[in-house]
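Taking it in order: structure first as structure tokens, then the write-up.
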Amino acid sequence: MKTIRNYVLVALAMLSAGQLYAQSEQDEIAQKLQNPLASIIALPVQYNIGTGTPGLDGNTFTASFQPIVATDFNKFSIVHRGVFGTSYVPAAVGESVSTTGFTDLNYSFFMAPKTKGKLNWGVGPSIDLPTATDPLLGSGKWSAGAGIVMVYQNKNWTFDMVLRQTHSFAGDKDRADVNRFVGQTLVAYGLGKGWVVNTFPTITANWNAEKGQKWTVPVGGGVSKLVFMGKIPVSLGVQYYNNVIRPDYAGKSELRFVTTFVFAK
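Residues -22 to -1, 1 to 243 in mature numbering (1 follows the signal peptide of the UniProt record, and there is no 0) are what the sequence shown spells out, letter by letter.
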């Protein structure tokens, strides 16, 4: 009887240890996904619903693929990022023709020193390609510039900032030149068991626009949960943002759904 009891106790201990390990791995991956310089290979798929755009008879919809591939180069990590998607713009009020097609493509990478500390940074180039299939969905310009990333991360908290500035250098001469700033600031807290609450607004500035029409500043946040689909870690997230500062033509708010597939960590 004692032998059976001992076997049961050992089995329960092993099961508990396995669950703790799985939970630890779950939280580790969830935290890595908050870090733009993490050594990871993943595919975020983001679906945005834009509401309250003046002059449009309905909501806008955008689905984008944002692959992340981290590689090593001597004492540095190089994190490659791309953004490419499709978009739907409803017809203008009183009109009947909507627009659907591909958007412009963005590629950037950041080179960062390998460190085990809580603070890290990276720099690198960024380029926008005029791949949009309709003038409403892209700039019509080739643009390039530079970006910088700053990250602080401890066991539960993550603070990071990604800043990019791009200028057009070629493209359709009849389209407006590009002089654009994009800033993404993240504050995230890991709740455990794969849950994360965060805010990750995308702040933009069109320096060529008129006074009072340059900035778009969203305020909001959301939550995500890391689960396992078989052996593949998948993060499921939802966020909502209200554009408290925006140009006259911009939408009032955005609902964002993000599904991130993690292939290597």
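We put the beta carbon where it would ideally sit given N, CA and C, even for glycine. Here the structure is a predicted model, which means the values were calculated and not measured.
What number of angstroms, rounded off, separates the C-alpha of Gly60 from the C-alpha of Lys151? In the sequence shown, counting from the first residue as 1, residue 60 sits at position 82. In the sequence shown, counting from the first residue as 1, residue 151 sits at position 173. Taking the straight line joining both Cα atoms gives about 26 angstroms.
Which of helix, strand or coil DSSP assigns to Ser74: Locating residue 74 in the sequence shown gives position 96, counting from the first residue. Note: Ser74 maps to coil in three-state DSSP.
Alpha carbon to alpha carbon, what distance is there between Phe87 and Leu169? Here residue 169 corresponds to residue number 191 of the sequence shown, with the count starting at 1. Here residue 87 corresponds to residue number 109 of the sequence shown, with the count starting at 1. Going from the Cα of Leu169 to the Cα of Phe87 covers about 30 angstroms.
Residue closest to Thr177, alpha-carbon to alpha-carbon, out of Leu233, Gly149 and Gln191: Numbered from 1 along the sequence shown, position 199 holds the residue referred to as residue 177. It is Leu233.
Could you give the residue range of the beta strand (DSSP E) that holds Trp135? The residue labelled residue 135 in the question sits at position 157 within the sequence shown. Trp135 -> beta strand (DSSP E) spans Trp135 to Gly149.
Exposed unless 16 or more other CB atoms sit within 10 angstroms - verdict on Leu97: Locating residue 97 in the sequence shown gives position 119, where the first residue counts as 1. Leu97 should be labelled exposed.
Assuming Tyr85 and Ile56 form a contact by the criterion Cβ under 8 angstroms, report the distance between their Cβ atoms to the nearest whole angstrom. Within the sequence shown, residue 85 is the residue found at index 107, counting from 1. Within the sequence shown, residue 56 is the residue found at index 78, counting from 1. That pair is no contact at about 13 angstroms.
Are the beta-carbon atoms belonging to Ala183 and Trp193 less than 9 angstroms from one another? For the purposes of this step, residue 183 is taken as the residue at position 205 of the sequence shown. For the purposes of this step, residue 193 is taken as the residue at position 215 of the sequence shown. Yes, the Cβ-Cβ distance between Ala183 and Trp193 is below 9 angstroms.
Around the C-beta of Gly33, are 16 or more other C-beta atoms found within 10 angstroms, so that it is buried, or is it exposed? Position 55 of the sequence shown, counting from 1, holds the residue named residue 33. It is exposed - the Cβ of Gly33 has fewer than 16 other Cβ atoms within 10 Å.
Cutoff 8 angstroms; reference Ser(-7); Cβ partners in own chain excluding five residues on either side: As a working mapping, residue -7 is identified with position 16 in the sequence shown. Residue placement at Ser(-7) is flagged as unreliable, the pLDDT there being 34, under the threshold of 50; a coordinate-derived value is accordingly withheld.
Beta strand (DSSP E) runs contained entirely in the region 184 to 238, provided each spans 3 or more residues: 193 to 207 and 210 to 223
N-terminal and C-terminal residue of the beta strand (DSSP E) that Arg153 is part of: On the sequence shown, residue 153 is found 175 positions in, with the first residue counted as 1. Where Arg153 is concerned, there is no enclosing beta strand (DSSP E), given that its DSSP letter is neither H nor E.
Give the single residue among Arg142, Tyr218, Ser117 and Phe206 whose Cα lies nearest to the Cα of Gly229. Here the question's residue 229 lines up with position 251 in the sequence shown. Comparing Cα positions, the closest option is Tyr218.
Across which residues does DSSP place Phe159 in a beta bridge pair? In the sequence shown, the residue the question calls residue 159 occupies position 181. Per DSSP, Gln143 and Ala183.
Quick one: is Tyr(-2) buried, meaning 16 or more other Cβ sit within 10 Å of its Cβ, or exposed? Here the question's residue -2 lines up with position 21 in the sequence shown. Since pLDDT at Tyr(-2) reaches only 37, below the 50 mark, its modelled position is unreliable, and no value is offered.
Restricting to Cα atoms, I'd like to know which of Asn157, Tyr25 and Ala124 is closest to Thr40. For the purposes of this step, residue 40 is taken as the residue at position 62 of the sequence shown. Closest by alpha carbon: Tyr25.
Under 9 angstroms between C-beta atoms of Val197 and Val216: Stepping through the sequence shown from its first residue, residue 197 is reached at position 219. Stepping through the sequence shown from its first residue, residue 216 is reached at position 238. Their beta carbons are not under 9 angstroms apart, which means Val197 does not touch Val216 by this criterion.
Inter-residue spacing [alpha-carbon to alpha-carbon] between Gly28 and Gly36: In the sequence shown, residue 28 corresponds to position 50, counting from 1. In the sequence shown, residue 36 corresponds to position 58, counting from 1. Approximately 9 angstroms between the Cα atoms of the pair.
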